[in-house]
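Worksheet: the structure to be examined is printed underneath.
Number of protein chains: 2
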Amino acid sequence: MARIVMKFGGTSVADIPRIRNVARHVKREIDAGHEVAVVVSAMAGKTNELVAWVQDASRQEGSSLNLYDAREYDAVVASGEQVTAGLLALVLQAMGINARSWQGWQIPIRTDSAHGAARIEDIDGSDLVRRFGEGQVAVITGFQGIGPDKRIATLGRGGSDTSAVAVAAALKADRCDIYTDVDGVYTTDPRIEPKARRLSRISFEEMLEMASLGAKVLQVRSVELAMVHKVRTFVRSSFEDPDAPGMGDFDNPPGTLICDEDEIVEQQVVTGIAYAKDEAQISLRRVADRPGVAAGIFGPMAEANINVDMIVQNISEDGSRTDMTFTVPSGDVARALAVLEKNKASVGFDVVQHETGMTKVSVIGIGMRSHAGVAATAFKALAEKGINIRAITTSEIKISILIDGPYAELAVRTLHSVYGLDKQ
Amino acid sequence: MARIVMKFGGTSVADIPRIRNVARHVKREIDAGHEVAVVVSAMAGKTNELVAWVQDASRQEGSSLNLYDAREYDAVVASGEQVTAGLLALVLQAMGINARSWQGWQIPIRTDSAHGAARIEDIDGSDLVRRFGEGQVAVITGFQGIGPDKRIATLGRGGSDTSAVAVAAALKADRCDIYTDVDGVYTTDPRIEPKARRLSRISFEEMLEMASLGAKVLQVRSVELAMVHKVRTFVRSSFEDPDAPGMGDFDNPPGTLICDEDEIVEQQVVTGIAYAKDEAQISLRRVADRPGVAAGIFGPMAEANINVDMIVQNISEDGSRTDMTFTVPSGDVARALAVLEKNKASVGFDVVQHETGMTKVSVIGIGMRSHAGVAATAFKALAEKGINIRAITTSEIKISILIDGPYAELAVRTLHSVYGLDKQ
Chain A
1 MARIVMKFGG TSVADIPRIR NVARHVKREI DAGHEVAVVV SAMAGKTNEL VAWVQDASRQ
61 EGSSLNLYDA REYDAVVASG EQVTAGLLAL VLQAMGINAR SWQGWQIPIR TDSAHGAARI
121 EDIDGSDLVR RFGEGQVAVI TGFQGIGPDK RIATLGRGGS DTSAVAVAAA LKADRCDIYT
181 DVDGVYTTDP RIEPKARRLS RISFEEMLEM ASLGAKVLQV RSVELAMVHK VRTFVRSSFE
241 DPDAPGMGDF DNPPGTLICD EDEIVEQQVV TGIAYAKDEA QISLRRVADR PGVAAGIFGP
301 MAEANINVDM IVQNISEDGS RTDMTFTVPS GDVARALAVL EKNKASVGFD VVQHETGMTK
361 VSVIGIGMRS HAGVAATAFK ALAEKGINIR AITTSEIKIS ILIDGPYAEL AVRTLHSVYG
421 LDKQ
Chain B
1 MARIVMKFGG TSVADIPRIR NVARHVKREI DAGHEVAVVV SAMAGKTNEL VAWVQDASRQ
61 EGSSLNLYDA REYDAVVASG EQVTAGLLAL VLQAMGINAR SWQGWQIPIR TDSAHGAARI
121 EDIDGSDLVR RFGEGQVAVI TGFQGIGPDK RIATLGRGGS DTSAVAVAAA LKADRCDIYT
181 DVDGVYTTDP RIEPKARRLS RISFEEMLEM ASLGAKVLQV RSVELAMVHK VRTFVRSSFE
241 DPDAPGMGDF DNPPGTLICD EDEIVEQQVV TGIAYAKDEA QISLRRVADR PGVAAGIFGP
301 MAEANINVDM IVQNISEDGS RTDMTFTVPS GDVARALAVL EKNKASVGFD VVQHETGMTK
361 VSVIGIGMRS HAGVAATAFK ALAEKGINIR AITTSEIKIS ILIDGPYAEL AVRTLHSVYG
421 LDKQ
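Just so you know, the protein sequences line up as chains A and B, in that order. Under the working numbering, the first residue of the first sequence carries the number 1, and numbering increases by one thereafter. Under the working numbering, the first residue of the second sequence carries the number 1, and numbering increases by one thereafter.
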């Protein structure tokens, strides 16, 4: 007997037939004798509808401004998970399973006061554990808790993954299964490279890099949380037949296990190729090369909530002036340029150049910490395909390369192949 | 300065433009210096959608049974008001009005444990009153509170009216305005009798009779509550221009005031004509005329949740057998007959006759307590039109007459005219 947290996303609970299918996954684990807590998202499309209403409601006449009270946003948007949790509890009951729904404030899942993007601070799992003893399944609203002001606080989009991992940590669960519309984490996007393979295991660190790079399987914060609390997390599909052979295999269910790197026996040098499209490159020429200049550029960007990604600074020619290049999402370019213009005098630079439609391709692998030449292999492979490299940044377990957008697919396939990821 | 509770039903908050219109009604009262609490229903159609999901979710495979956990029903269905309350708070904020939403459990509105049909036991209005002092409008989810089990409990369909009156009583409000899609209470249904007039005032007792008879303006329980706590309740339209002349008149706003009969200066003998269609008549012949026989018939009906209305028992011919006639909604006839058949032996009766498609027409007026001949006037008027009377029951302030369905409209118009209700 083990304790399992199962999380189902919006497409997995999009309507009652799919909720019934989810219930069959739950029943399989119950029948195997496990204690189960389920965390659910809102039905697909529901959160978007609620958010659109909030935006419409808070529109001020004759103004393009759309500022709203995040506490009211939370009260409205959190209702989506409330509906799914109640419905899944009812479906489970109709199958003869003892189940009840829990809203974040009932458990309680306590958060900080950052409504709309709150962080979970504490979960009191005692009630849930007591009811496991009575054979009851807990069906928990994802994405939400209760703030210090005693009002509902949501965790930000994708927050149900984080709810699930946090609940698993609080309950000291043996496993946290994230059921989604893909059947695991792949070596790269299978829509680009059909030879992409599903990874049986990936380390937390690698998954963090994959998640933050647009391999949008899991919310980044949930991976961080799983890493800190060492929650063994499986990514698996909710659309497979719940009773197919192997689905109930406790140690090796179909899917990808995100785990501590110690658990990964046969380590690859490179684990996967991620990419992020629609990046824009902004270059500042002849920036004054003195302490505090980077802060002078990127501080105002952060204040304007612009997500600056790659930053490359060249050595200055004469020790007084340098070039500074960085990337932002294409949609943020106009705002970024406006921020730069406003701070031009205080920072001191000559010309701003920018280019949109770039793609960032990243090679990720914990093994590269102990292997030389990984980056050189990438550069050589891309050069052979005639792909021009616009910027490079590296970390301990990642090499990111900025290229022109039209070469994105070619680059992903080239790198996937050169590191042997398409071979079993 | 006064304290006002304003309640808006589902059609009044059906979409964001209508919620904006509601906010203008609120703004009018705020601008006049009043303290305001608003109680809202779910957007029109939303509750039905949620109820349908609950029914679908709790359907058991291979069974026509549809029993569900009322606590989960409550958790799902209560989400509708949660959305409206948040959206109205946002719209008010966008208009520059200090407002916040309150869910039943946050205030708290405490109920008993009868999930799905809970009764409000206690409302702690202290937080709301303190915030009135800070100039804040309270936007409250109708239809729901929190039960002794710390889970959401709903009050049954139409429960938002009851929420509003209960909040008004708890806050000792000067007035409770029920905004709806009609502009008041009429002498009869204007769709049947175009000469129907809007009543400026009606007593609680008369409104109770009107409400329970299918003049579905207010939930019956809300009227009971208003009567007990002497809450001055206005029924008025949310669809009129919020800023039209007279709308902000504190003492005489457009609409119908439901109040203590002392407040009604010029009392009419008859106040209104109500009707209920689709009644069925069931007659038992030669029922044993002994103590306990009525309980033997109607006890099992109540247990089967069949709403028995008019009951007529004739004097027995020979002191041992009598006839018993009663009405139920046509939809309940089959179940009622089954219950009777099951209890036939123990009760003892000869034949069951039944007829569907009847209509009950009722003459209502507090003045008839002190006026003789009111009933005779009705019988004579109906006889002159050739309308056959199938059964009669009377109370202190009401005469109910069962007639054949096809004569319903003619009877309503005849009675409306004979008591002079079509004259100013």
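Think of the CB as a built atom: it goes at the ideal place given N, C-alpha and C, for glycine as much as any other residue.
Determine the direct distance from the alpha carbon of residue 257 (chain B) to that of residue 7 (chain A), and round the result to whole angstroms. One-based indexing of the first sequence puts residue 7 (chain A) at position 7. One-based indexing of the second sequence puts residue 257 (chain B) at position 257. Roughly 52 Å between the two C-alpha positions.
Does DSSP put residue 393 (chain B) in a helix, a strand or coil? Position 393 of the second sequence, counted from the first residue, corresponds to residue 393 (chain B). Reduced to three states, the DSSP call for residue 393 (chain B) is strand.
Does any residue of chain B have a CB that is nearer than 9 Å to the CB of residue 151 (chain A)? Counting from one through the first sequence, the residue named residue 151 (chain A) turns up at place 151. Closer than 9 Å: yes.
On the three-state DSSP scale, how would you describe residue 190 (chain B)? Sequence index remark: in the second sequence, residue 190 (chain B) carries index 190 (1-based). DSSP places residue 190 (chain B) in coil when its eight states are reduced to three.
Look at residue 196 (chain B) and residue 15 (chain B) and say whether their C-beta atoms are less than 9 Å apart. Looking up residue 196 (chain B) in the second sequence gives position 196. Looking up residue 15 (chain B) in the second sequence gives position 15. No. Outside cutoff.
Please decide whether residue 435 (chain B) counts as near chain A, where near means a Cβ-Cβ distance under 9 Å. For residue 435 (chain B) there is no data in the structure shown, the boundaries of chain B being 1 and 424.
What does the Cβ neighbour count give for residue 151 (chain B), buried or exposed, with the cut at 16 atoms within 10 Å? Within the second sequence, residue 151 (chain B) is the residue found at index 151, counting from 1. Under this definition residue 151 (chain B) is a buried residue.
Bounding residues of the beta strand (DSSP E) (the contiguous stretch that carries residue 398 (chain B)): Here residue 398 (chain B) corresponds to residue number 398 of the second sequence, with the count starting at 1. Per DSSP, residue 398 (chain B) belongs to the beta strand (DSSP E) from 398-404.
Spatially closest choice to residue 128 (chain A) from A:101, A:234, A:340, by CA coordinates: Taking the first residue of the first sequence as 1, we reach residue 128 (chain A) at position 128. Measuring from the Cα of residue 128 (chain A), the nearest candidate turns out to be A:101.
Can you tell me where the alpha helix (DSSP H) with residue 73 (chain A) in it begins and where it stops? As a position in the first sequence, residue 73 (chain A) is number 73, starting the count at 1. Its alpha helix (DSSP H) spans residues 70-77.
Taking C-alpha atoms, which residue in B:86, B:71, B:253, B:118 lies nearest to residue 75 (chain A)? As a position in the first sequence, residue 75 (chain A) is number 75, starting the count at 1. Residue 75 (chain A) has its Cα closest to that of B:86, out of B:86, B:71, B:253, B:118.
Neighbourhood of residue 29 (chain A) by C-beta, 8 Å cutoff - its chain only, sequence neighbours within 5 removed: Along the first sequence, one-based indexing puts residue 29 (chain A) at 29. The answer, listed in chain order, is 4, 6, 36, 248.
Could you give the first and the last residue of the continuous beta strand (DSSP E) run that contains residue 329 (chain B)? Stepping through the second sequence from its first residue, residue 329 (chain B) is reached at position 329. Here the beta strand (DSSP E) through residue 329 (chain B) covers 321-329.
Please give the ranges of any beta strand (DSSP E) in the segment 5-43 of chain A, keeping only runs that are unbroken, at least 3 residues long and fully inside the region. 35-40
Nearest-angstrom Cα distance between residue 108 (chain B) and residue 139 (chain B)? On the second sequence, position 108 is the one that residue 108 (chain B) refers to. On the second sequence, position 139 is the one that residue 139 (chain B) refers to. Taking the straight line from one Cα to the other gives about 13 Å.
Out of A:409, A:420, A:418, which has the shortest C-alpha to C-alpha gap to residue 191 (chain A)? Within the first sequence, the letter at position 191 stands for residue 191 (chain A). Per the Cα distances, A:409.
Taking residue 406 (chain B) as the reference, which of B:419, B:39, B:282, B:385 has the closest Cα? Counted from its first residue, the second sequence places residue 406 (chain B) at position 406. It is B:385 whose Cα lies nearest to the Cα of residue 406 (chain B).
Is the CB of residue 87 (chain B) under 9 Å away from at least one CB in chain A? Your numbering for residue 87 (chain B) matches position 87 in the second sequence. It does: the Cβ of residue 87 (chain B) has a partner Cβ on chain A nearer than 9 Å.
Please state if the CB of residue 304 (chain B) and the CB of residue 336 (chain B) are separated by a distance shorter than 9 Å. If you number the second sequence from 1, residue 336 (chain B) lands on position 336. If you number the second sequence from 1, residue 304 (chain B) lands on position 304. In this structure, residue 304 (chain B) lies closer than 9 Å to residue 336 (chain B) by Cβ.
Quick check: is the beta carbon of residue 90 (chain A) nearer than 9 Å to any beta carbon in chain B? As a first step, residue 90 (chain A) must be located in the first sequence, where it is residue number 90. Yes, its Cβ sits closer than 9 Å to a Cβ of chain B.
By a C-beta neighbour count over all protein chains shown, 10 Å radius and 16 as the cutoff for buried, is residue 231 (chain A) buried or exposed? Counting from one through the first sequence, the residue named residue 231 (chain A) turns up at place 231. By the neighbour-count rule (16 or more Cβ atoms within 10 Å), residue 231 (chain A) is buried.
Quick check: does the Cβ of residue 266 (chain A) come within less than 8 Å of any heavy atom belonging to the ligand SAM? Here there are no bound small molecules, and the ligand SAM is not part of this structure.
Neighbouring residues, chain A, relative to residue 19 (chain B) (Cβ below 8 Å): In the second sequence, the residue the question calls residue 19 (chain B) occupies position 19. Result: 57.
CA nearest to the CA of residue 306 (chain B), picked from B:339, B:312, B:277, B:292: What you label residue 306 (chain B) is simply residue 306 of the second sequence in a count that begins at 1. Here the closest residue by C-alpha is B:339.
Thinking residue 225 (chain A) and residue 169 (chain A) are a contact (beta carbons under 8 Å), I'd like their distance in whole angstroms, please. The residue given as residue 225 (chain A) occupies position 225 in the first sequence. The residue given as residue 169 (chain A) occupies position 169 in the first sequence. Their Cβ separation, rounded to whole angstroms, is 7 Å, which keeps residue 225 (chain A) and residue 169 (chain A) in contact under 8 Å.
Residue 100 (chain B) CB to nearest chain A CB: under 9 Å? For the purposes of this step, residue 100 (chain B) is identified with residue 100 of the second sequence, where counting begins at 1. At least one chain A Cβ lies under 9 Å of residue 100 (chain B).
List the DSSP bridge partners of residue 109 (chain A). On the first sequence, position 109 is the one that residue 109 (chain A) refers to. DSSP output for residue 109 (chain A) lists A:123 as bridge partner(s).
Limits of the beta strand (DSSP E) - the one that residue 280 (chain B) falls within: The residue you call residue 280 (chain B) lines up with position 280 of the second sequence. Per DSSP, residue 280 (chain B) belongs to the beta strand (DSSP E) from 272-288.
Neighbourhood of residue 397 (chain A) by C-beta, 7 Å cutoff - its chain only, sequence neighbours within 5 removed: The residue given as residue 397 (chain A) occupies position 397 in the first sequence. 205, 206, 209, 364, 365, 366, 368, 369.
Please state whether the Cβ-Cβ distance between residue 282 (chain A) and residue 352 (chain A) is less than 9 Å. Counting from 1 along the first sequence, the entry for residue 282 (chain A) is found at position 282. Counting from 1 along the first sequence, the entry for residue 352 (chain A) is found at position 352. Yes; because the gap between Cβ atoms is below 9 Å, this pair is in contact.
Please state whether DSSP places residue 340 (chain B) in a helix, a strand or coil. Within the second sequence, residue 340 (chain B) is the residue found at index 340, counting from 1. Helix at residue 340 (chain B).
Residue 217 (chain B) versus residue 48 (chain A) - alpha carbon distance: Taking the first residue of the second sequence as position 1, residue 217 (chain B) is located at position 217. Taking the first residue of the first sequence as position 1, residue 48 (chain A) is located at position 48. Spanning the two alpha carbons is a distance of roughly 35 Å.
Is the beta carbon of residue 84 (chain A) less than 9 Å from the beta carbon of residue 13 (chain A)? Stepping through the first sequence from its first residue, residue 84 (chain A) is reached at position 84. Stepping through the first sequence from its first residue, residue 13 (chain A) is reached at position 13. Cβ distance < 9 Å, so residue 84 (chain A) and residue 13 (chain A) count as in contact.
Within chain A, partners of residue 16 (chain B) - CB distance below 8 Å: To locate residue 16 (chain B), count along the second sequence from 1; it is residue 16. Those are 53, 56, 57, listed as they occur along chain A.
Take residue 309 (chain B) as the anchor and find which of B:329, B:130, B:71 has the nearest alpha-carbon. Position 309 of the second sequence, counted from the start, is the residue given in the question as residue 309 (chain B). Minimum Cα distance to residue 309 (chain B) is reached at B:329.
Which residues in chain A sit within 8 Å of residue 50 (chain B), going by Cβ to Cβ distance? Along the second sequence, read from residue 1 onward, the residue named residue 50 (chain B) stands at position 50. Within 8 Å Cβ-Cβ: 83.
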